[in-house]
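Asks: Quick mapping for you: the protein sequence lines, in order, are chains A and B.
For what it's worth, numbering that gives the first Met the number 0 labels the leading residue of the first sequence as 0, then goes sequentially.
For what it's worth, numbering that gives the first Met the number 0 labels the leading residue of the second sequence as 0, then goes sequentially.
Number of protein chains: 2
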Amino acid sequence: MSTADRITGVLSPVVTPFKADLTPDPDRFIRQCRWLLSQDVGLAVFGTNSEANSLSTEEKVELLDRLVGAGVDPARMMPGTGCCALTDSVRLTAHAMKLGCGGVLMLPPFYYKGVSDDGLFRSFAEVIERVGDRRLRIYLYHIPPVSQVAITLPLIERLLKAYPGVVAGAKDSSGDWNNTQAYLVNFASQGFDVFPGSETFLLQGLRAGGVGCISATANVNPGAIARLFGTWKAGDADVQQGRLNEIRTIFAKYPMIPALKAAIAHHGGDASWATVRPPLVELTQAQQASLVADLDRAGFTMPGLKG
Amino acid sequence: MSTADRITGVLSPVVTPFKADLTPDPDRFIRQCRWLLSQDVGLAVFGTNSEANSLSTEEKVELLDRLVGAGVDPARMMPGTGCCALTDSVRLTAHAMKLGCGGVLMLPPFYYKGVSDDGLFRSFAEVIERVGDRRLRIYLYHIPPVSQVAITLPLIERLLKAYPGVVAGAKDSSGDWNNTQAYLVNFASQGFDVFPGSETFLLQGLRAGGVGCISATANVNPGAIARLFGTWKAGDADVQQGRLNEIRTIFAKYPMIPALKAAIAHHGGDASWATVRPPLVELTQAQQASLVADLDRAGFTMPGLKG
Chain A
0 MSTADRITGV
10 LSPVVTPFKA
20 DLTPDPDRFI
30 RQCRWLLSQD
40 VGLAVFGTNS
50 EANSLSTEEK
60 VELLDRLVGA
70 GVDPARMMPG
80 TGCCALTDSV
90 RLTAHAMKLG
100 CGGVLMLPPF
110 YYKGVSDDGL
120 FRSFAEVIER
130 VGDRRLRIYL
140 YHIPPVSQVA
150 ITLPLIERLL
160 KAYPGVVAGA
170 KDSSGDWNNT
180 QAYLVNFASQ
190 GFDVFPGSET
200 FLLQGLRAGG
210 VGCISATANV
220 NPGAIARLFG
230 TWKAGDADVQ
240 QGRLNEIRTI
250 FAKYPMIPAL
260 KAAIAHHGGD
270 ASWATVRPPL
280 VELTQAQQAS
290 LVADLDRAGF
300 TMPGLKG
Chain B
0 MSTADRITGV
10 LSPVVTPFKA
20 DLTPDPDRFI
30 RQCRWLLSQD
40 VGLAVFGTNS
50 EANSLSTEEK
60 VELLDRLVGA
70 GVDPARMMPG
80 TGCCALTDSV
90 RLTAHAMKLG
100 CGGVLMLPPF
110 YYKGVSDDGL
120 FRSFAEVIER
130 VGDRRLRIYL
140 YHIPPVSQVA
150 ITLPLIERLL
160 KAYPGVVAGA
170 KDSSGDWNNT
180 QAYLVNFASQ
190 GFDVFPGSET
200 FLLQGLRAGG
210 VGCISATANV
220 NPGAIARLFG
230 TWKAGDADVQ
240 QGRLNEIRTI
250 FAKYPMIPAL
260 KAAIAHHGGD
270 ASWATVRPPL
280 VELTQAQQAS
290 LVADLDRAGF
300 TMPGLKG
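(1) Can you list the residues of chain A that Gln147/B reaches, using a CB-CB cut of under 9 Å?
(2) Closest Cβ-Cβ distance between Pro143/B and chain A: below 8 Å?
(3) Suppose only complete runs of 4+ residues qualify. What are the alpha helix (DSSP H) ranges in the segment 146-225 of chain B, listed by chain order?
(4) Within its chain, find whatever has a CB closer than 6 Å to the CB of Val210/A; leave out the 5 residues flanking it on each side and keep chain order.
(5) With a threshold of 8 Å between beta carbons, is Asp295/B in contact with chain A?
(6) Identify the residues that DSSP records as bridge partners of Gly131/B: which are they?
(7) Whole-angstrom Cβ separation of Phe45/B and Gly79/B, contact assumed at under 8 Å?
(8) Thinking just about the alpha-carbon of each residue, which of Asp39/B, Gln286/B and Lys18/B is nearest to the one in Ala217/B?
(9) For Asp132/A and Asp269/B, what's the separation of their Cα atoms in angstroms?
(10) By Cβ distance below 7 Å, which residues in the same chain neighbour Pro143/A in space, the five residues on each side in sequence not counted?
(11) Glu61/B to Leu54/B, Cα distance in whole Å?
(12) Would you say Val280/B faces chain A, with C-beta separation under 8 Å as the test?
(13) Which same chain residues end up closer than 6 Å to Ala273/A when comparing Cβ atoms and leaving out the 5 residues on each side of it in sequence?
(14) Please report the straight-line C-alpha distance between Gln239/A and Leu104/A, rounded to a whole angstrom.
(15) By how many angstroms is the C-alpha of Leu294/A removed from the C-alpha of Gly190/A?
(16) So what's Val44/A in DSSP terms, helix, strand or just coil?
(17) Which of the three DSSP states, helix, strand or coil, is assigned to Ser11/B?
(18) Determine, for Lys18/A, whether the minimum Cβ-Cβ distance to residues of chain B falls below 8 Å.
(19) Check whether the Cβ of Leu54/A lies closer than 8 Å to any Cβ atom in chain B.
(20) Could you tell me the distance, in whole angstroms, from the CA atom of Asn48/A to the CA atom of Pro163/B?
(21) What first and last residue would you give for the beta strand (DSSP E) that runs through Val103/B?
(22) Under three-state DSSP, which class holds Pro143/B?
(23) Measuring CB to CB, does Tyr140/A end up less than 8 Å from Lys170/A?
(24) Spatial neighbours of Pro12/B within its chain, please: CB distance less than 7 Å, with the 5 preceding and 5 following residues excluded, ordered by chain position.
(25) Any C-beta of chain B within less than 7 Å: which residues of the segment 75-86 of chain A qualify?
(26) Identify whether Gly79/A lies in helix, strand or coil by the three-state DSSP scheme.
(27) Mind checking if Pro257/B is an interface residue toward chain A, Cβ cutoff 8 Å exclusive?
(28) Find the residues of chain A that neighbour Phe45/B, judging by a C-beta separation of less than 8 Å, and give them in chain order.
(29) Put Phe228/B into one of helix, strand or coil per three-state DSSP.
(30) Suppose you measure from the CA of Ala236/A to the CA of Gly102/A; what does that come to, to the nearest Å?
(31) Starting from Ser88/A and walking both ways along the alpha helix (DSSP H), at which residues does that stretch end?
(32) If the cut is a Cβ gap below 8 Å, which residues of chain B does Ser172/A touch?
(33) Below 7 Å between beta carbons is the criterion; list the residues of the segment 115-143 of chain A that meet it against any residue of chain B, in chain order.
(34) In chain B, which residues lie with their C-beta within 9 Å of the C-beta of Glu58/A?
(35) Assign Asp87/A to buried or exposed, taking buried as 16 or more other Cβ atoms, counted over all protein chains shown, within 10 Å of its Cβ.
(36) So, does the CB of Leu152/A fall closer than 8 Å to a CB anywhere in chain B?
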């Protein structure tokens with residue numbers, strides 16, 4: 000099958016801005032997405048780092064409509080559409096297809112634990128059959144530290160056999176290189192595109208046949224991560240990777256989502272960006288000050304964010 | 000505060016019937032709820048065992064409307080209304096209040112792991128404030144084996160202090176008697192009603208100040224469990240408890256939700272009851288036959304279910 004039109008490169012699970020009343024803020028969201036595209040980073044909206052699982056299906060549909068309505072290119076979007084309820088996953092996925100999204104990133108249903116591969120196969124298969132659109136590109140979302148429900152090798156094998164072309168790849172947020180490597184070794188040759196879930200594995204992934212990465216910190220360090228993707232065969236690739244790791248390590252010292260938002264608030268000069276929805280909480284004043292100081296010491300900037 | 004009008008006794012997290020196309024089946028649902036009430040068991044609809052987390056908010060609202068519309072008493076209902084998304088939890092809880100439900104059973108937001116008690120307090124507080132109805136009775140739902148997000152003692156203490164009367168109790172599905180006991184010892188005297196999450200702890204719970212239980216197997220063995228609740232001070236209480244445990248142990252040998260549905264399908268003479276929604280799968284033919292044989296050997300019946 001042709002994979003020429005597939006999404007590759009660096010994508011950001013775009014953080015979702017909230018107003019003071021905790022409703023999503025479409026205008027700030029659109030501005031942020033435009034800034035990310037200007038840095039050559041694609042839009043994995045409604046990811047874990049987007050607080051997407053703290054949004055209702057209705058809120059996600061509305062935000063996606065606003066984004067596409069504002070002229071942001073849906074071909075650059077890979078919205079998260081995997082929910083606990085089959086009917087929500089079908090609704091969101093069908094809507095993403097209708098809007099022309101380049102793909103969708105699909106969590107397995109994540110409330111019930113210890114479910115079988117049979118049940119997970121049936122979940123994904125029901126969504127695919129009900130959406131019923133051969134242009135659909137599903138990226139399976141493996142994030143066992145959070146979802147607690149794994150996308151196993153036998154499950155991928157069955158899905159690829161049943162829905163070649165539609166099952167287009169995976170995001171691997173296990174943080175376990177051995178798992179990423181197993182995805183690549185077993186399935187990359189069948190047109191299964193693997194995105195490590197962090198730029199920490201960007202260079203290693205590209206060298207092993209990966210196609211980019213989808214990373215929390217692509218929200219704040221998009222340009223540098225995209226540059227490594229574009230120049231990974233250059234002589235300074237390992238140096239670039241080291242520099243990316245340095246920034247990533249700073250963010251990883253803090254609760255990730257509030258830290259991403261605090262950095263955007265600080266570097267964008269827009270304090271309201273710091274707001275998170277419960278059950279998350281904002282960084283404390285001390286944590287914010289410490290994060291900003293850490294980033295300043297590392298010479299971190301967010302070019303073009305302000306204004 | 001007065002706790003005279005509180006829900007007590009045995010409640011069933013009512014299993015949700017599905018049609019062949021996996022849509023909920025309101026007519027079978029209403030019949031099942033009426034049968035449970037005839038056995039003196041209350042309706043904790045939309046619990047874990049109801050596959051509630053495989054239903055969209057819209058589907059839950061519609062089922063609840065149908066149930067109340069059919070004349071089933073909302074005062075006997077404690078629907079599950081805790082979702083990942085704040086907006087879904089508010090919508091469902093407000094709807095349950097509008098319909099006159101006796102209480103709601105509220106999961107914490109369960110996608111994000113390792114969240115703080117501050118964040119969970121804020122979640123529950125936002126729901127309470129937004130629903131804004133002093134008749135609201137929230138039962139906190141502690142089920143760490145599935146939700147992976149705990150309702151800790153300090154969290155209960157803060158919530159009880161901020162919202163006395165509204166925070167009315169908890170269902171403890173930890174399976175850990177020490178936790179149930181800690182809830183009782185610390186909070187029962189403040190009008191905090193504790194329901195163990197299984198009839199295994201019914202007698203022990205009642206003797207320690209609990210108010211009943213909310214149990215999966217109350218879907219299939221409601222009369223006997225309700226009888227122990229009604230006669231727990233009688234001389235044969237321990238014998239009754241032993242007999243309940245015997246039946247519970249049989250169901251626990253199989254995947255619980257498909258086993259409950261298989262038993263209802265068999266004893267009600269209605270094969271379509273066996274259907275589950277993905278990611279769950281039905282029992283195999285061999286498992287069904289084995290379950291039925293185990294139950295027959297134990298002299299298990301479901302009086303009044305058929306016809």
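Glycine included, each C-beta is placed from N, C-alpha and C at the ideal position.
Replies: Quick look at the numbers:
(1) Lys112 and Gln147
(2) no
(3) For the segment 146-225 of chain B, whole alpha helix (DSSP H) runs of length 4 or above, ordered along the chain, are 152-161, 176-186 and 201-206.
(4) Cβ within range, chain order: Thr7 and Asp192.
(5) no
(6) The partner list for Gly131/B (beta bridge, DSSP) is empty, contrary to what the question assumes.
(7) 4 Å
(8) Checking every option, the nearest Cα to that of Ala217/B belongs to Asp39/B.
(9) 35 Å
(10) Excluding residues up to 5 positions away in sequence, Ala149 and Ser173 lie with their Cβ nearer than 7 Å to the Cβ of Pro143/A in the same chain.
(11) 11 Å
(12) Output row for Val280/B: interface = yes.
(13) Lys260, Ala261, Ala264 and Glu281
(14) 27 Å
(15) 39 Å
(16) coil
(17) Assignment of Ser11/B by DSSP, reduced to helix, strand and coil, places it in the strand class.
(18) no
(19) yes
(20) 34 Å
(21) Per DSSP, Val103/B belongs to the beta strand (DSSP E) from Val103 to Met105.
(22) helix
(23) A contact, by the Cβ cut-off of 8 Å.
(24) Ala43, Gly46, Thr47, Asn48, Ser49, Ile213 and Ala215
(25) Residues passing the 7 Å Cβ filter: Cys83, Ala84, Leu85 and Thr86.
(26) strand
(27) no
(28) Under the 8 Å cutoff, chain A gives no residues; its nearest Cβ is about 12 Å from Phe45/B.
(29) Helix at Phe228/B.
(30) 28 Å
(31) Leu85 to Lys97
(32) In chain order: nothing, as chain B lies at least about 13 Å away.
(33) Ser115, Asp117, Gly118, Leu119, Arg121, Ser122 and Glu125
(34) Residues of chain B with a Cβ closer than 9 Å to the Cβ of Glu58/A are, in chain order, Ala84 and Thr86.
(35) Around the beta-carbon of Asp87/A, 16 or more other beta-carbon atoms lie within 10 Å, marking it buried.
(36) no
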